[in-house]
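As structure tokens, the structure follows; a few thoughts come after it.
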Amino acid sequence: MKIYTGRGDQGKTSLFSGERVGKDLPRVAVYGTLDELNSVLGIALSFSRNQKVREVLLSLQHKLFQAGADMATTSAQKRPVDRIKESDWRSLETLIDELQEELPPLKDFILPGGSSGAAFVHLARVVCRRAERQWVALMKVDQDMNSELLIYLNRLSDLFFVLARYENVLEGGKEEIWQKED
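The sequence shown begins at 35 in our numbering and counts up by one.
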């Protein structure tokens, strides 16, 4: 099977249903950002040495493929897709709580960075926030959206913040406190 088809040469792509739409469609932008986020997780995964963090990142990569398919799906579509649901974001909350128990309390704003793995997880956090903002903008013009996905993205960015801190603790990365300049 060839990777190139030529079907996208005129600025069109296919939704999960097979419907052809412009590549500049806001829905396409959101699932493109989810694809970008998945790639950033791949980089973070390549830098992380902790098995637990690696397992979490790999699991999230699989879930992001599901989220991308969810974004590429409209409710009128006949082809079934495994949608993001409440149990998905609830499991993120559970993981956040578990990881936070192993972290020192946060009393100040911290700057993104520390170990390489943590820095890339921080990058994943801001890419996730961008996907969330794009989703909200899309919701204003396209009500045919899975609202559970928005909640999932919100919790996911929270998880990335906690996971970056966790990675820093494990790898001895320093959390740099934000210093207000006078």
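We put the beta carbon where it would ideally sit given N, CA and C, even for glycine.
Specify the secondary structure class of residue i as computed by DSSP and reduced to three states.
| i | result |
| --- | --- |
| G151 | helix |
| T47 | strand |
| R159 | helix |
| R41 | coil |
Pick from the options: whose alpha carbon is nearest that of residue i?
| i | options | result |
| --- | --- | --- |
| V87 | D216, E215, N202 | N202 |
| F252 | G56, N180, W169, G207 | Outside the displayed span of the chain (35 to 216) sits residue 252, for which this structure offers no information. |
| L92 | L145, L137, I77 | I77 |
| T29 | D43, R159, G151 | With the chain covering only 35 through 216, there is no way to say anything about residue 29. |
| M179 | L71, V55, M105, N188 | M105 |
| T107 | T39, Q213, E166, F50 | F50 |
| W123 | T39, N72, K97 | K97 |
Any idea if residue i is buried or exposed, counting beta-carbon neighbours within 10 angstroms, 16 or more meaning buried?
| i | result |
| --- | --- |
| W169 | buried |
| L183 | buried |
| G171 | Here residue 171 is Ala; the residue named in the question, Gly, does not match the sequence. Exposed, since its Cβ has fewer than 16 Cβ neighbours within 10 Å. |
| D142 | exposed |
| L145 | exposed |
| Y186 | buried |
| L79 | buried |
Contact the segment 51-70 vs the segment 118-128: 3+ CB pairs below 8 Å: no
In chain order, each beta strand (DSSP E) run of at least 3 residues that lies wholly inside the segment 90-149: none
Runs of beta strand (DSSP E) wholly within the segment 168-216 (minimum 3 residues, chain order): none
Alpha helix (DSSP H) segments (min. 4 residues) lying fully within the segment 51-89: 60-81
Touch test, the segment 183-197 against the segment 129-146, Cβ-Cβ under 8 Å, three pairs minimum: yes
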